[in-house]
Every structure is written in C-alpha cells, then in structure tokens.
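Report on one structure; see the data block that follows.
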Amino acid sequence: MNTDRIAFITQLAEPLAASLGLVLWGVECVGAKRTVLRVFVEKAAGSAAAGEGDASVRESGVSVEECA
Numbered sequence: 105m106n107t108d109r110i111a112f113i114t115q116l117a118e119p120l121a122a123s124l125g126l127v128l129w130g131v132e133c134v135g136a137k138r139t140v141l142r143v144f145v146e147k148a149a150g151s152a153a154a155g156e157g158d159a160s161v162r163e164s165g166v167s168v169e170e171c172a
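Mapping of the sequence shown onto our numbering: position 17 corresponds to residue 121, and the numbering continues sequentially without gaps.
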C-alpha cells in the first residue's frame, strides 16, 4: 500500500517541483498508526551558482519559501 501512495504523491509532486525549478529526488512514507511523509527536493542543475565549501552549499540549498 505504501508503494501506491508513494507513486501517487510522486506523480503530484514532480510537476510542481519542476515548475518551481526544483528536482524531486525522493518520497518516503513511513509509519503504521501515525504516517510520516517525507518529500526530498533539491535545486535543479544550473538554478544556483556552483561554489565550494560549506557556506556555498547552505546558500544554494532549497529554502522553506521555495517549498511553501
């Protein structure tokens, strides 16, 4: 049953993420009584300047505003 849920959520989330310049790279649905849904996204290649070091990784990550 979780496989069906994940496939359905993926079908909904992929075009939405793409429209925001993001890439959906994972969906998890875990738990029995209290289900937890995790949706993993990252910026599409070329949407942020590539840099080196931890600071550039944090600056080029996906913000909460981009997920809202």
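By construction, the Cβ of each residue, glycine as well, lies at the ideal position given by its N, Cα and C atoms. Predicted, not measured: the structure shown is a model, and the values here were computed from it.
Status (buried if at least 16 other CB within 10 Å, exposed otherwise) for residue i
| i | result |
| --- | --- |
| alanine 159 | Note that alanine 159 scores a pLDDT of 49, beneath 50, so its modelled location is shaky; the value from the coordinates is reported in the next line. With fewer than 16 other Cβ atoms within 10 Å, it is exposed. |
| valine 131 | buried |
| valine 145 | buried |
| leucine 141 | exposed |
| leucine 116 | exposed |
Beta-carbon gap between residue i and residue j smaller than 7 Å
| i | j | result |
| --- | --- | --- |
| leucine 124 | glutamate 170 | yes |
| valine 127 | alanine 111 | no |
Residue i in three-state terms, based on DSSP
| i | result |
| --- | --- |
| valine 166 | coil |
| arginine 142 | strand |
| leucine 124 | coil |
| glycine 155 | The predicted model places glycine 155 with a pLDDT of 44, which falls under 50 and marks its position as unreliable, so this point remains unresolved. |
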